[in-house]
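Taking it in order: structure first as structure tokens, then the write-up.
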Amino acid sequence: MTRNSGFPGGKAAIVGAATFGIGKCPGVAAVDMAAQAALLALADAGIALSEVDALYTSAPYEALGGLELAEYLGITPRVTDCNRTGGSAFEVYVQQAALALDAGLIDCALIAYGSNPASNPPTGVGMTRQSAWEAPYRPLAPISSYALATSRHMHLYGTTREQLAEVAVAARRWAQLNPEAAARDPLTIDDVLAARMVSDPLTVRDCCLFNDGAAAVVMVRADRARDCATRPVPVLGAAHAVTHREISSMPDLTVTGAAISGPTAFAQAGIRPADIDVCMVYDAFTITPILFLEDLGFCAKGEGGAFVSDGNIAPGGGLAVNTNGGGLSCVHPGMYGLFLLVEATRQLRGEAGARQVKDAQLAVAHGNGGVLSSEATVVLGRG
Amino acid sequence: MIQPETEWRAHLAQGRFMLQRSRSTGGYVFYPRVAEPMTGAEDLEWVEASGRGTVHAVTVVRKKDPADSYNVVLVDLQEGPRLMSRVDGIAADGVTIGMAVSARITEEGGQPILVFVPV
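Chains A and B, in that order, are what the protein sequence lines are.
Residue numbers are given in numbering that gives the first Met the number 0: position 187 of the first sequence equals residue 186, and the series is strictly consecutive.
Residue numbers are given in numbering that gives the first Met the number 0: position 2 of the second sequence equals residue 1, and the series is strictly consecutive.
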């Protein structure tokens, strides 16, 4: 299986995971937060900072963020990356780190991210520019792009605003079980429907949070993982697909690259979607879990709205989705992908407290970047 | 080499909505670039668009004053390419998917801009 897929499934594992500063983290720089999360994840693994020889980060406001974090930590990595696939970057890093570990190029990979846009709003020029072909029409970035995809899904499949609201409410109910989640007050379907419309059909309650947060994970080869302080979480599959940059160039507004990365990652792992116990899918907007549940194969195309209805992805539902509360109710500091991996790791280690999925054996973490542009799927197991 | 965006805007300023077409594949290209996506064909020539299209997707950007709200659409051109635009000549929230539209060049902020109107 692994030979055919080209991915060294099970040869590397996540051995450390941490979050830091979720919600409000004032008075510090983004790199301070990334470094703090990194040290927590290394302590979790029982690995010294000096052992890290590969560094993967995506700094929020610094194009050369990989260099910045290496300098800050005082390490000299053999591999450093600060890729720009948006929120999916961290799932891509797991893929790249697994390959580099298996090749023997590196021995210990640190993936870290920190961002505090709520406390420390970015100033000056951002790192992305508006498309010359879209800017004249003043779409709100990025919500209008997701709204356009949503309009298409509603048109083709009859998906409703109530079904979108189910996603937000399910995320909130999970968040209420997670002391770390930022938004834990009650939220109903009616609250979402009555919320301020931003870009039809998406209201402010269909949008993820915009708050502070940092996270980190540490990866080593499976043989080294056995000596770590925690139960290792093997990486069974990891795949990536990029289909476009701007929404006007998305090949099919209702089919994302997850329809490529998902089946590839599941095949690498030798499993089917039905085997998954914990499903972490990037919820930038309420439409995205619907699209990813379809594209990853949890339900047929067009049936995502029905799938999320009646609390099916909420606590006690048929599938545990976004158990930390997601980007919608836990944390979303600009790029959320690493938090998916941390929550999947905590679930597979049995450390998720009141929100623990019983006997979780397999998890998927699916990251999204840009405007449904970059899709990366990681399948994790229990060591 | 050709200057894709500059040449397209020069045409627009002269009142022409142009597409690129590959002489070898016959495929139409928008937005303008140095080669046809997927084939890499570089034998692109400028041809005038029919201007006919269909609304593929739509959203309305809501402002505090409803009068300031506006639509943003994706239009499928008859020639094949899809682009972002706006439908004028109709209430901001009156645009529906599947609506037949026709291209217009208007001016906004002193610059020519391509929009669509209902047929």
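C-beta: ideal position from N, C-alpha, C; glycine also.
Check: List the residues of chain A that Ser101/B touches, going by C-beta distances under 8 Å, in chain order.; Outcome: Ordered by position in chain A, no residue passes the 8 Å Cβ test against Ser101/B, which lies about 17 Å from the chain.
Check: Hey, quick one: how far does the beta strand (DSSP E) through Gln120/B stretch, first residue to last?; Outcome: Here chain B comprises residues numbered 0 to 118, so residue 120/B is not present and cannot be evaluated.
Check: Am I right that Ala257/A and Thr376/A are in contact with their C-beta atoms under 8 Å? What's the rounded C-beta distance?; Outcome: 6 Å
Check: Going by DSSP, which residues form a beta bridge with Ile104/B?; Outcome: Leu113/B
Check: State the DSSP-derived secondary structure class of Asp43/A, mapped to helix, strand or coil.; Outcome: helix
Check: Keeping to the same chain, check which residues put their C-beta closer than 8 Å to that of Ala97/A; ignore five residues upstream and five downstream.; Outcome: Phe6, Pro7, Lys10, Ala11, Met218, Val234, Ala237
Check: Strictly under 8 Å for the Cβ-Cβ distance: is Ala56/B near chain A by that measure?; Outcome: yes
Check: Hey, is Arg220/A's beta-carbon within less than 8 Å of any beta-carbon in chain B?; Outcome: no
Check: For Ile96/B, which residues in chain A fall below 8 Å Cβ to Cβ?; Outcome: Ser150, Arg151, His154
Check: Using CA atoms only, rank isn't needed, just tell me which of Leu72/A, Val356/A, Arg381/A, Ser87/A is closest to Asn177/A.; Outcome: Val356/A
Check: Quick check on Ala0/B: buried or exposed, where buried means 16 or more other Cβ atoms within 10 Å of its Cβ?; Outcome: It is worth fixing the name first, because residue 0/B is Met in this sequence and not Ala. Met0/B comes out exposed.
Check: Beta-carbon within less than 6 Å of Arg103/B's beta-carbon, same chain only, minus the 5 sequence neighbours each way: which residues are those?; Outcome: Val114, Val116
Check: Between Pro76/A and Asp106/A, which are expected to be in contact by the criterion C-beta below 8 Å, what is the C-beta distance as a whole number of angstroms?; Outcome: Not a contact, Cβ separation roughly 11 Å.
Check: Can you tell me whether Met17/B is buried or exposed? The criterion is at least 16 other CB atoms within 10 Å of its CB, across all chains shown.; Outcome: buried
Check: Taking 8 Å as the CB-CB limit, is Tyr69/B close to chain A?; Outcome: yes
Check: Does the separation of the CB atoms of Val378/A and Phe265/A fall below 8 Å?; Outcome: yes
Check: How should Asp251/A be labelled, buried or exposed, when 16 other C-beta atoms within 10 angstroms of its C-beta is the threshold for buried?; Outcome: exposed
Check: With 8 Å as the threshold, decide whether the Cβ of Met196/A is near any Cβ in chain E.; Outcome: Protein chains A and B are contained in the structure displayed, whereas chain E is not.
Check: Under a Cβ-count criterion, where at least 16 other Cβ atoms within 10 Å of its own Cβ denotes burial, should Phe306/A be classed as buried or exposed?; Outcome: buried
Check: Report yes or no: is there a C-beta of chain A within less than 8 Å of the C-beta of Leu43/B?; Outcome: no
Check: Shortest alpha-carbon distance to Gln175/A belongs to which of Ala351/A, Gln94/A, His152/A?; Outcome: Ala351/A
Check: According to DSSP, is Ser114/A helix, strand or coil?; Outcome: strand
Check: How about Arg128/A: is its C-beta nearer than 8 Å to some C-beta of chain B?; Outcome: no
Check: Just verifying my parser: in three-state terms, what is the DSSP assignment at Ala28/A?; Outcome: coil
Check: If you run the structure through DSSP and keep just helix, strand and coil, what is Ile286/A?; Outcome: helix
Check: For Ala237/A, does the three-state DSSP call read helix, strand or coil?; Outcome: strand
Check: At a Cβ threshold of 8 Å, is Thr1/A touching chain B?; Outcome: For Thr1/A, the pLDDT reaches just 42, beneath the cut-off of 50, and the residue's location in the model is therefore unreliable, although a value from the coordinates is still provided. Not one chain B Cβ lies under 8 Å of Thr1/A.
Check: Are the CB atoms of Ala359/A and Thr229/A nearer to each other than 8 Å?; Outcome: no
Check: Name the DSSP beta bridge partners of Tyr55/A, please?; Outcome: Asp80/A, Ile110/A
Check: Buried or exposed: where does Ser23/B fall if 16 or more other Cβ atoms within 10 Å of its Cβ makes it buried?; Outcome: exposed
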